[in-house]
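Participant:
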Amino acid sequence: MRNGMIIIDRITLFSSFDLAALALLFLLWMGIGWRIEHPSARHPSTSMLIAGYRKAWMREMVTRQPRIFDAQILGTLRQGTAFFASTCVIALGGTLALIGNADRVAGVAEDITQSDRPAIVWQIKLMVLALLLTNAFLKFVWANRLFGYCSVLMAAVPNNIDDPKAYHRAEQAAEINIAAARSFNRGLRSIYFALAAAAWLVGAWALALAALITFTVIWRREFASHSRKVLLNA
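For the record, in the sequence shown the residue sitting at position 71 is 105 according to the working numbering, with numbers rising by one throughout.
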């Protein structure tokens, strides 16, 4: 009962506009992610188009000798996941440090927003940022591991193209590769919206605006970018 009262007291520190802007952030984050991964057949996303090329890559890999080129590409993909995972750890550490020093953050925020709010308000806002960064870190780590699985499957593809297991294992490698890329993209989107969540320190209107801009940028890159047009001209 006491914990429930504490939660209610914390919620009352935020205006209805704050809560609506926060709900909008998470709604747009989940909505654009679902749309990218479940596009219409007539209007596929860039991520889904690339997934098709990943399958084509694995089919070509069966007959490519030697397969050093394929190993180099996969190594580069794993380096990318490791880089972003490390970046998330650094950003998360900085955010947690700010949460532990909320009084100073509150002082800076008050100078910008000209509003006198308790330190717990700024701590909660930073916790939202930390939550998104944590999610991104977990997605990048899982993507890194899946790319590792993919490398093992690629190594298990027989050199003899007449072997019945050759193309089957190549298809397995492609599916794992696509799953890794999906996790990686989810991590990137989580970072994008974490940056938008940082705007909440300025105010609810800034959070809502940042969430809408982030959504628009991601939508354009997935459904209206020049790179997508290039991929469609296969």
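The C-beta atom is built at its ideal place from N, Cα and C for all residues, glycine as well.
Which two residues bound the contiguous alpha helix (DSSP H) that contains Ser120?
Facilitator: On the sequence shown, residue 120 is found 86 positions in, with the first residue counted as 1. Where Ser120 is concerned, the enclosing alpha helix (DSSP H) stretches over Ile102 to Gly134.
Participant: Is Trp156 closer than 8 Å to Leu28 when the C-beta atoms are compared?
Facilitator: This structure gives no information on residue 28, because the portion of the chain shown stretches from 35 to 268.
Participant: Pick out whichever of Ala258, Leu241 and Pro100 has its Cα sitting closest to the Cα of Leu323.
Facilitator: Past the edges of the chain, shown from 35 to 268, lies residue 323, and the structure says nothing about it.
Participant: Identify, in the order they occur along the chain, each residue of the same chain with its Cβ nearer than 7 Å to the Cβ of Ile210, setting aside the five sequence neighbours on each side.
Facilitator: As a first step, residue 210 must be located in the sequence shown, where it is residue number 176. Leu180, Tyr183, Cys184 and Leu187.
Participant: Could you tell me whether the segment 256-268 touches the segment 152-172, where touching means 3 or more Cβ pairs closer than 8 Å?
Facilitator: No, the segment 256-268 does not touch the segment 152-172.
Participant: What residue from Ala190, Leu243, Phe227 and Glu94 has the CA that sits closest to Ile252's CA?
Facilitator: Position 218 of the sequence shown, counted from the start, is the residue given in the question as residue 252. The residue with the shortest Cα to Cα distance from Ile252 is Phe227.
Participant: What did DSSP end up calling Ile158 once you bin it into helix, strand or coil?
Facilitator: Reading the sequence shown from its first residue, position 124 is the one you call residue 158. In the structure shown, Ile158 sits in a helix (DSSP, three-state: H, G or I).
Participant: Answer yes or no: do Ala230 and Ala245 have a C-beta to C-beta separation smaller than 8 Å?
Facilitator: Stepping through the sequence shown from its first residue, residue 230 is reached at position 196. Stepping through the sequence shown from its first residue, residue 245 is reached at position 211. Yes. Within cutoff.
Participant: Just mark Leu19 as buried or exposed, buried being the case when its beta carbon has 16 or more other beta carbons within 10 Å.
Facilitator: Outside the shown range of the chain, which is 35 to 268, sits residue 19, and nothing can be said about it.
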